[in-house]
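For reference, the structure is listed below as structure tokens.
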Amino acid sequence: MTRKKKQTKCPDYRLLIEPTWYALVQLGGSGTNSEIDAEIIRQLGLSDEIVDEPHKETGNETELEYRAKWARTYLKKYGLIENSARGVWSIAPQYQKMVEQVEIDKNEIIRTVRQQLSPNRNDFADNTNEQGLTIAEVPDERQSWERRLSGILMEMNPYGFEKLAQRLLRECGFSQVTVTKKSGDGGIDGNGKLKVNGVLTFNVAFQCKRYKGVVGAADIRDFRGSLTTDIEKGIFITTGTFSKAARDEAVSPGKQQIDLIDGEELVQKLAEYNIGLYPVNSYEIDEEYFMSL
Numbered sequence: 001m002t003r004k005k006k007q008t009k010c011p012d013y014r015l016l017i018e019p020t021w022y023a024l025v026q027l028g029g030s031g032t033n034s035e036i037d038a039e040i041i042r043q044l045g046l047s048d049e050i051v052d053e054p055h056k057e058t059g060n061e062t063e064l065e066y067r068a069k070w071a072r073t074y075l076k077k078y079g080l081i082e083n084s085a086r087g088v089w090s091i092a093p094q095y096q097k098m099v100e101q102v103e104i105d106k107n108e109i110i111r112t113v114r115q116q117l118s119p120n121r122n123d124f125a126d127n128t129n130e131q132g133l134t135i136a137e138v139p140d141e142r143q144s145w146e147r148r149l150s151g152i153l154m155e156m157n158p159y160g161f162e163k164l165a166q167r168l169l170r171e172c173g174f175s176q177v178t179v180t181k182k183s184g185d186g187g188i189d190g191n192g193k194l195k196v197n198g199v200l201t202f203n204v205a206f207q208c209k210r211y212k213g214v215v216g217a218a219d220i221r222d223f224r225g226s227l228t229t230d231i232e233k234g235i236f237i238t239t240g241t242f243s244k245a246a247r248d249e250a251v252s253p254g255k256q257q258i259d260l261i262d263g264e265e266l267v268q269k270l271a272e273y274n275i276g277l278y279p280v281n282s283y284e285i286d287e288e289y290f291m292s293l
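All the letters of the sequence shown, read from the start, carry residue numbers 1 to 293 under the UniProt record's numbering.
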């Protein structure tokens, strides 16, 4: 198993392949993106500074999250792990009962996957960036439509973004969802009610932040400070991502709990409820079939 090693900069995706596998092992064979990332952080002893470093190109995720996606992509294409439509990753069934016998050779995994995808390409082509990835490549979890939608969300006017959040919360089961006036909202962009199991009703307030980068703990504290005593739950929605300190602050014991929706989850929720986008049929080409004829 990967030993905890002090890091001074964000590990590249190659160095995250083995920790990703062992993260799933430690989580009992399955886990969400955030659970896997948290276990990787624990394994490698990564500092908050490294964990919170924003990815320069996307802006709505951290560098670690981006590189961890690549690690999962390689493990998936190698056949060791798989993911469901709901974003839960799991060890492939054939390996579930033999995880201790599986040896993770990152170089073999990378070489095999690249050979599968492009048989005529060298292991490390000349047009790769510092991560060893071709500029045109995108991890399986971050396909082109998601990148486009993220860009569109960033270009929305603030009030339009608040109305989008209002629609999303209604689709998620909230009622009486209202958006505050365009100015003077004191940090609250809207409120509503959530009824759980047809019995319990919670008063909820939400804040929306179009942001390309990392939302910090101070933003969470400011939002919580704007909540009145009748508000039992807060929701913070952003196009960016949340720092580790922000996530810790959101669940601080003895304080009003704040649920967080980052840019990646926001995009997935919009797709889940077909808000502003709809699915289209596509096909995966079996290159090996054509080459074998």
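From the three backbone atoms N, C-alpha and C, an ideal C-beta is built for every residue, glycine too. Predicted model only: the values in this text are computed from it and were never measured.
With distances taken from CA atoms, which of N274, F236, V179 and T241 is nearest Q257? Locating residue 257 in the sequence shown gives position 257, where the first residue counts as 1. Check the Cα spacing between Q257 and each of N274, F236, V179 and T241: the tightest is with F236.
Starting from V204 and walking both ways along the alpha helix (DSSP H), at which residues does that stretch end? Counting from one through the sequence shown, the residue named residue 204 turns up at place 204. Looking at the DSSP string, V204 is not in any alpha helix (DSSP H); the run it does join, the beta strand (DSSP E), is L200 to K209.
Measuring alpha carbon to alpha carbon, tell me which of V199, A250, L260 and D37 ends up nearest A165. Along the sequence shown, read from residue 1 onward, the residue named residue 165 stands at position 165. Closest option to A165, Cα to Cα, is L260.
Reduced DSSP category for I231 - H, G, I as helix; E, B as strand; rest coil: As a working note, residue 231 is residue 231 in the sequence shown. Three-state DSSP puts I231 in coil, outside helix and strand.
Within 8 Å, do at least three Cβ pairs link the region 91-110 to the region 11-23? As far as the Cβ criterion goes, the region 11-23 touches the region 91-110, which means the pair count is three or higher.
Residues bridged to K195 [DSSP beta-bridge criterion]: As a position in the sequence shown, residue 195 is number 195, starting the count at 1. Paired residues: T201.
Applying the 10 Å Cβ sphere with the 16-neighbour rule, what's the burial state of V215? Within the sequence shown, numbered from 1, the residue matching residue 215 stands at position 215. Looking at its Cβ environment, which holds 16 or more other Cβ atoms inside 10 Å, V215 is buried.
Using the rule of at least 16 other Cβ atoms within 10 Å of the residue's Cβ for burial, across every protein chain shown, is W145 buried or exposed? By 1-based counting over the sequence shown, the position of residue 145 is 145. It counts as exposed.
Over the uninterrupted alpha helix (DSSP H) stretch that includes I275, give me the two end residues. The count along the sequence shown starts at 1 and reaches residue 275 at position 275. No alpha helix (DSSP H) holds I275; DSSP gives it neither H nor E.
Option in D37, A205, G187 and G45 with minimal Cα separation from T178: One-based indexing of the sequence shown puts residue 178 at position 178. Ranking the options by Cα distance to T178, first place goes to A205.
Please report how far the alpha carbon of Q176 lies from the alpha carbon of G87, in whole angstroms. Locating residue 176 in the sequence shown gives position 176, counting from the first residue. Locating residue 87 in the sequence shown gives position 87, counting from the first residue. Computed Cα separation, rounded: 30 Å.
If you measure between the beta carbons of E171 and Y273, is that distance less than 9 Å? Numbered from 1 along the sequence shown, position 171 holds the residue referred to as residue 171. Numbered from 1 along the sequence shown, position 273 holds the residue referred to as residue 273. Yes; because the gap between Cβ atoms is below 9 Å, this pair is in contact.
Closest by C-alpha distance to T239, when choosing among G213, D230, L27 and E232: Along the sequence shown, read from residue 1 onward, the residue named residue 239 stands at position 239. The shortest C-alpha to C-alpha distance from T239 to any of G213, D230, L27 and E232 is the one to G213.
Spatial distance of K193 from L200 (CA atoms): Sequence index remark: in the sequence shown, residue 193 carries index 193 (1-based). Sequence index remark: in the sequence shown, residue 200 carries index 200 (1-based). If you take the alpha carbons of K193 and L200, they lie about 10 Å apart.
Beta-carbon contacts of G173 that lie in its chain and below 8 Å, excluding the five residues immediately before and after: Mapped onto the sequence shown, residue 173 falls at position 173. Taken in chain order, the residues that qualify are L194 and K195.
Kindly identify the DSSP beta-bridge partner or partners of T241. Translated into the one-based positions of the sequence shown, residue 241 becomes position 241. According to DSSP, which records beta bridges pairwise, T241 is partnered with V214.
Taking the alpha helix (DSSP H) that I110 belongs to, which residues open and close that run? Reading the sequence shown from its first residue, position 110 is the one you call residue 110. Unbroken alpha helix (DSSP H) run through I110: K106 to L117.
DSSP on N157, reduced to helix/strand/coil? Taking the sequence shown and counting its residues from 1, the one referred to as residue 157 is at position 157. N157 sits in coil when the DSSP states are folded into three classes, being neither helix nor strand.
Identity of the residue in Y74, L153, S226 and I36 nearest I275 by Cα: Here the question's residue 275 lines up with position 275 in the sequence shown. Out of Y74, L153, S226 and I36, L153 has the C-alpha closest to the C-alpha of I275.
Run of the beta strand (DSSP E) containing Q176, from where it starts to where it stops: Here residue 176 corresponds to residue number 176 of the sequence shown, with the count starting at 1. For Q176, the enclosing beta strand (DSSP E) stretches over residues F174 to V179.
Which value, in whole angstroms, describes the spacing of the CA atoms of N60 and K269? For the purposes of this step, residue 60 is taken as the residue at position 60 of the sequence shown. For the purposes of this step, residue 269 is taken as the residue at position 269 of the sequence shown. A straight line joining the alpha-carbon of N60 with that of K269 spans about 15 Å.
As a quick exercise: from S252, K209, Q115 and L44, pick the residue whose alpha carbon is nearest that of E287. Along the sequence shown, one-based indexing puts residue 287 at 287. Selected option, being the one with the closest Cα: Q115.
DSSP-derived helix/strand/coil call for residue 294: Nothing can be reported for residue 294, as the shown portion of the chain is limited to 1 through 293.
Can you tell me which of the three DSSP states L260 falls into? Here residue 260 corresponds to residue number 260 of the sequence shown, with the count starting at 1. In this structure, L260 counts as strand in the three-state DSSP scheme.
How long is the line joining the alpha carbons of E65 and L27, rounded to whole angstroms? As a position in the sequence shown, residue 65 is number 65, starting the count at 1. As a position in the sequence shown, residue 27 is number 27, starting the count at 1. The straight-line gap from Cα to Cα measures roughly 18 Å.
Have a look at the DSSP bridge pairing and note the partners of G31. The residue labelled residue 31 in the question sits at position 31 within the sequence shown. Its beta-bridge partners are W89.
When the Cα atoms are used, what is the spatial distance from S34 to G160? Residue mapping note: residue 34 aligns to position 34 of the sequence shown, counting from 1. Residue mapping note: residue 160 aligns to position 160 of the sequence shown, counting from 1. Rounded to the nearest angstrom, the two C-alpha atoms are 28 Å apart.
At the level of alpha carbons, what is the spacing between A218 and P93? Position 218 of the sequence shown holds residue 218. Position 93 of the sequence shown holds residue 93. If you take the alpha carbons of A218 and P93, they lie about 43 Å apart.
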